[in-house]
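Position one of the sequence shown corresponds to residue 1182 (the numbering used here), numbered consecutively onward.
The structure appears right after this line, and notes come after that.
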Amino acid sequence: MGETIRLTTAQALVKFLNQQYISVDGVETPFVEGVFTVFGHGNVLGIGQALEQDPGRLKVFQGKNEQGMAHAAIAYSKEKLRRSIYAVTASSGPGSANLVTAAATALANNLPVLLLPADTFATRQPDPVLQQFEQEYSFAVTTNDALKPVSRYWDRITRPEQLMSSLLRAFEVLTDPARSGPATICICQDTEGEAFDYDAGFFRKRVHYMDRLQPSERELDAAEELIRASRKPLLLVGGGAKYSDAREELIAFSEACGIPLVETHAGKSTVEYTFANHLGGTGILGTSAANAAAREADLIIGIGTRYTDFTTSSKTAFDFDRTRFLNINVSRMQTYKLEGLPVVADAKLAISALHERLSGYKAEFGSRIAELKSEWDAERARLGGVTFKRSGFEPEIKEQFSQEILNEYADALGTEFAQTAALIAVNEAVDKDAVVVSSAGSLPGDLQRLWNAEAPNTYHLEYGYSCMGYEISGALGIRLAKPEQEVYSIVGDGSFLMLHSELITAIQTGNKINVMLFDNSGFGCINNLQMENGSGSFHCEFRDYQGKVMNIDYAKVAEGYGAKVYRANTAEEVKAAVEDAKKQTVSTLIEMKVLPKTMSDGYDGWWNVGVAEVSDSESVRQAYARRAKKLESAKKY
1182 MGETIRLTTA QALVKFLNQQ YISVDGVETP FVEGVFTVFG HGNVLGIGQA LEQDPGRLKV
1242 FQGKNEQGMA HAAIAYSKEK LRRSIYAVTA SSGPGSANLV TAAATALANN LPVLLLPADT
1302 FATRQPDPVL QQFEQEYSFA VTTNDALKPV SRYWDRITRP EQLMSSLLRA FEVLTDPARS
1362 GPATICICQD TEGEAFDYDA GFFRKRVHYM DRLQPSEREL DAAEELIRAS RKPLLLVGGG
1422 AKYSDAREEL IAFSEACGIP LVETHAGKST VEYTFANHLG GTGILGTSAA NAAAREADLI
1482 IGIGTRYTDF TTSSKTAFDF DRTRFLNINV SRMQTYKLEG LPVVADAKLA ISALHERLSG
1542 YKAEFGSRIA ELKSEWDAER ARLGGVTFKR SGFEPEIKEQ FSQEILNEYA DALGTEFAQT
1602 AALIAVNEAV DKDAVVVSSA GSLPGDLQRL WNAEAPNTYH LEYGYSCMGY EISGALGIRL
1662 AKPEQEVYSI VGDGSFLMLH SELITAIQTG NKINVMLFDN SGFGCINNLQ MENGSGSFHC
1722 EFRDYQGKVM NIDYAKVAEG YGAKVYRANT AEEVKAAVED AKKQTVSTLI EMKVLPKTMS
1782 DGYDGWWNVG VAEVSDSESV RQAYARRAKK LESAKKY
């Protein structure tokens, strides 16, 4: 019998995590950076004891909310291009249930995170224990079964020796670019403390190789033929291109072949906007330039994209009668979408190989690229100069509220600041290498259109799940990944109220983040949606029991936590606050009161949402008719 080491299940887990490494392009680095935890019964005496006794090189952070700390771990992984992770441990019962939303966020975005929810007793001897529910059809069901559909890999450990095969399987999934996502290992609380004689070889250094997938000659032949047959191809850059680190290859290919480049939320800042052929974001939240190019294109070269409804404008963004699709992705499933030509390969390698093959090829966009970009830049400048007047806006913008209600908001919030002007002011004030993060509400649309990233990999948007509350937790994760760069959380008041507890963790641990709070006293994005589709303003504004617009002092909340706070309601005040915040070592919050209905509007994008087919309201009936007509031109698969 070989050498063994007697450890508890939890101690063996921690020892194993210390020995996991990843190799990308010949560079080898530790894969697990640390552990986020909220200790409670079920994990404090098992994993907690193991981490206290010997954490090795693992960093341990005390979270304040299980969902929040898991989102921080997910953002860290995203910012590290999926090449480093945090593990997350939670107590049994509600603590572990709080991980479900975060697990779904990781799954939707294909981001690796190791979730370690505590479970009930393997022996079942003391059942039902505190925070354990009972199902009549099976005593084996626990809270953690809710994590099954939102995990890429899921297992329950009831015996110490089961940990070995389970961890090996989990790390195979975590380091697979095509199937990366949350790996959940539920460990029964009595099992965590149970000892076993583990084979010493289990704790040897393990290197997980993330080898790039080469495109086949057959795939390249077909792709070359398709591109050469096209007159106006368009590069659609998704998150897979960013994870592949394909910036230089994309720029070289675009320049050589005269092909314009547009981007999804996940792909934004893979190539910075200052690149001449860059036309911005596409789809529902896209720029006029990108959407015009998409309509004119006869070939879409999708690189690492899932073709979500926001990217395709619910499958109305392209001329499907004449437009073909070439899909490059490490996921075979994704390459089959929209009847595209599948190239199952790493983005960096595939683009480089196609560039070599397409000598002499030139797209026919020509000067049209610069023309479209110039038109959009002028529109963006116009939006940055929007000012509120008691009789309307200058320049004019779309208004859904009556002028009376807008005046009411201006008086209640003490502001005349437009959201577009505020966001562009922030963009102009931050350093070029600063990282901006957001997730939900109307701000992602303004960011996709208006935020000009001037340095690569400085834009971080969680839009695979668009989870409210991700913004501040995500900022902490990004700061851990890039401690030398300023991080700005772009968050609305609705998302701030959902979840901002990890601001305290950032302050507690000295990991500075900057919260840019846009307060329009309501769920503005959804209010727009309901009113654009014929409904009135119903339960989306923040009004008190007397019907008055609420003016909450969020700066005072953050100040109470220990943050440095600012109040800024003009572009000049925003820029001054950002400049002063750069000098601070503690986390900051800049509160901006902005008027509702002052976000940017759609540029030929359309979102297919459910509208009531039968209604007493004529405006709702009209909205349903508009949707039905639009669906006639939408691709059906």
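C-beta atoms are modelled at their ideal positions from N, C-alpha and C, and glycine is treated no differently.
Just so we're clear, the structure is a prediction, and the values are computed from it rather than from any experiment.
- Taking 9 Å as the cut-off, the beta carbon of Ala1327 is found no closer than this to the beta carbon of Ser1425.
- Counting only runs that start and end inside the stretch 1576-1606, the alpha helix (DSSP H) elements of at least 4 residues fall at 1584-1594.
- Ala1478 and Leu1415 have their alpha carbons spaced roughly 6 Å apart.
- The shortest CA-to-CA distance from Ala1253 to any of Gly1237, Ile1186, Asn1692 and Glu1184 is the one to Asn1692.
- Listed as beta-bridge partners of Asp1336 by DSSP are Ile1366.
- Only residues of its own chain outside the window of five on either side were considered, and among them Leu1684, Ile1688, Val1696, Val1767, Ser1768, Thr1769 and Leu1770 have a CB closer than 8 Å to the CB of Ala1744, listed in chain order.
- DSSP places Gly1565 inside the alpha helix (DSSP H), whose first and last residues are Arg1549 to Gly1565.
- Under the three-state reduction of DSSP output, Ala1749 falls in the coil class, being neither helix nor strand.
- Pairwise C-beta distances place the stretch 1614-1632 in contact with the stretch 1655-1675, as three or more of them are shorter than 8 Å.
- Apart from the 5 residues on each side of it in sequence, Ile1550 sits with its Cβ closer than 8 Å to the Cβ of Gly1439, Pro1441, Ala1457, Asn1458, Leu1460 and Ala1474 in its chain, given in chain order.
- For Ser1670, the uninterrupted beta strand (DSSP E) segment begins and ends at Val1668 to Gly1673.
- In this structure, Thr1779 lies near Phe1574, with their beta-carbon atoms less than 9 Å apart.
- Just measuring C-alpha positions, the residue of Gly1675, Leu1657, Thr1190 and Val1567 sitting nearest Asp1378 is Thr1190.
- Residue range Gln1201 to Val1205 is occupied by the beta strand (DSSP E) that includes Gln1201.
- When secondary structure is reduced to three states using DSSP, Tyr1542 falls in the coil class, being assigned neither helix nor strand.
- Rounded to the nearest whole angstrom, the CA to CA distance from Ala1559 to Glu1552 is 11 Å.
- Shortest Cα-Cα distance from Thr1463 to any of Thr1504, Thr1492 and Phe1582 involves Thr1492.
- Shown here for Pro1293: same chain residues with a beta carbon closer than 6 Å to its own, the five before and five after excluded, namely Ser1258, Arg1263, Ile1266, Leu1355 and Ser1361 in chain order.
- Distance from the Cα of Ser1533 is smallest, within the candidate group Ser1435, Ser1798 and Phe1220, for Ser1435.
- Beta bridge pairing from DSSP links Ile1484 with Val1418 and Ile1509.
- When DSSP states are grouped into helix, strand and coil, Tyr1640 belongs to the strand group.
- CA-CA distance, Val1452 to Leu1431, rounds to 8 Å.
- Rounded to whole angstroms, the gap between the alpha carbons of Val1792 and Gly1705 is 19 Å.
- Per DSSP, Lys1329 lies in no beta strand (DSSP E) and is assigned neither H nor E.
- Its Cα nearest to that of Ala1531, the residue Ala1422 stands out among Gln1515, Val1443 and Ala1422.
- DSSP lists Val1696 and Val1746 as the bridge partner or partners of Leu1770.
- When only Cα atoms are considered, Ser1676 and Glu1753 end up about 25 Å apart.
- Annotation: Pro1275 is outside any beta strand (DSSP E); the continuous alpha helix (DSSP H) that includes it extends over Pro1275 to Ala1278.
- Note that the C-beta distance between Asn1291 and Gly1483 is not below 9 Å.
- Beta-bridge partners of Lys1240 (DSSP): Gly1215.
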